[in-house]
Amino acid sequence: MILDFISQYIQSYGYFVIFGALFIAMIGIPAPEETLLVLIGGMLLESGLHFIQVIAVALLAANTAMLVTYLTGRKFGNQLVSRYGHKVHMTPAKWGRMKQKLEKYDGIRVIFTYFVPGVRQLVPFLSGIRKVSYTAFFLFTFTGSLLWTVFYTTVGYYLGGTLGPVFLGWFAIGMCVLFAGLILSKRFAKGSANEDHIVHK
Numbered sequence: 001m002i003l004d005f006i007s008q009y010i011q012s013y014g015y016f017v018i019f020g021a022l023f024i025a026m027i028g029i030p031a032p033e034e035t036l037l038v039l040i041g042g043m044l045l046e047s048g049l050h051f052i053q054v055i056a057v058a059l060l061a062a063n064t065a066m067l068v069t070y071l072t073g074r075k076f077g078n079q080l081v082s083r084y085g086h087k088v089h090m091t092p093a094k095w096g097r098m099k100q101k102l103e104k105y106d107g108i109r110v111i112f113t114y115f116v117p118g119v120r121q122l123v124p125f126l127s128g129i130r131k132v133s134y135t136a137f138f139l140f141t142f143t144g145s146l147l148w149t150v151f152y153t154t155v156g157y158y159l160g161g162t163l164g165p166v167f168l169g170w171f172a173i174g175m176c177v178l179f180a181g182l183i184l185s186k187r188f189a190k191g192s193a194n195e196d197h198i199v200h201k
């Protein structure tokens, strides 16, 4: 059963799984990392993991990934967009519009981007391009990641104790399926809109 596999994997490799999964997801793959934290929180009683250590590892993973993304944007951001943007349909005009939208996530607002999948992966990259100071970036990023990890791990811990880890596991899988469905439907709608534009052109 998939839930047993996930549980055994977390019990066997615990903190390495948490760090690796969160780092990969936070470094540029828009995925529902919240689901992983909720699931891990719900398995704390059975897995032998400790709440404080889970928070510490999750913080380390999230902030390491954000720092890598920030430094990449600071050193190579504009060159990467210019050279490889077309491979992901990122035209200069589209990139300009995206920058305008993301520029509102500055200062203290960066804290709340952690609660917006997709946006939290882009903001550090853009912050690097804009040469936001290291101190300001780390301050707001650490604060946001602390609130984010504590909130979702705590939610999972109490839901796991109330509903049981099996139900929580199926809930987590359902959230992943829902997230994937939203991404696919958005891409399908965008593709249909492009086709209509070509037909009417």
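Last residue of the sequence shown: number 201 in my numbering, and the count goes up by one each step with no gaps. Beta carbons are placed, not taken as given, at the ideal position from N, Cα and C, and that holds for glycine. Since this is a predicted model, take the numbers as computed values, not measurements.
May I ask which residues mark the beginning and end of the alpha helix (DSSP H) holding residue i?
{"i": "TYR70", "result": "51–84"}
{"i": "PRO124", "result": "119–129"}
{"i": "GLY41", "result": "33–42"}
Tell whether a beta-carbon distance below 8 Å holds between residue i and residue j.
{"i": "GLY77", "j": "GLY128", "result": "yes"}
{"i": "LEU147", "j": "LEU59", "result": "no"}
{"i": "PRO124", "j": "TYR84", "result": "no"}
{"i": "GLY42", "j": "TYR157", "result": "yes"}
{"i": "LEU45", "j": "GLY160", "result": "yes"}
{"i": "ALA56", "j": "LEU22", "result": "no"}
{"i": "VAL38", "j": "TYR152", "result": "yes"}
At a threshold of 7 Å, does residue i count as lining the ligand ATP (C-beta to nearest heavy atom)?
{"i": "THR72", "result": "With respect to the ligand ATP, the structure offers nothing, as it holds no ligand at all."}
For residue i, which of helix, strand or coil comes out of DSSP?
{"i": "PHE23", "result": "helix"}
{"i": "PHE112", "result": "helix"}
{"i": "VAL132", "result": "coil"}
{"i": "GLY14", "result": "helix"}
{"i": "GLY48", "result": "coil"}
Going by C-alpha to C-alpha distance, which of the options sits closest to residue i?
{"i": "HIS50", "options": "ARG130, TYR15, PHE151", "result": "TYR15"}
{"i": "THR72", "options": "TYR152, ARG130, THR143", "result": "ARG130"}
{"i": "PHE112", "options": "THR143, THR153, VAL57", "result": "THR143"}
{"i": "LYS99", "options": "LEU122, GLN79, TYR13", "result": "LEU122"}
{"i": "ARG97", "options": "LEU126, GLY20, LEU80, TYR13", "result": "LEU126"}
Can you give the Cα-Cα distance for residue i and residue j, rounded to whole angstroms?
{"i": "ASP196", "j": "LEU139", "result": "At ASP196 the pLDDT is 47, less than 50, meaning the model places this residue with poor confidence; the figure from the coordinates comes in the next sentence. Spanning the two alpha carbons is a distance of roughly 46 Å."}
{"i": "PHE137", "j": "VAL155", "result": "27 Å"}
{"i": "ILE18", "j": "THR135", "result": "26 Å"}
{"i": "THR64", "j": "GLU33", "result": "15 Å"}
{"i": "MET66", "j": "ILE27", "result": "6 Å"}
{"i": "ALA25", "j": "TRP95", "result": "22 Å"}
{"i": "VAL110", "j": "THR141", "result": "7 Å"}
{"i": "THR149", "j": "ALA93", "result": "35 Å"}
{"i": "ARG74", "j": "VAL54", "result": "30 Å"}
{"i": "ILE108", "j": "VAL116", "result": "15 Å"}
{"i": "SER82", "j": "TYR13", "result": "40 Å"}
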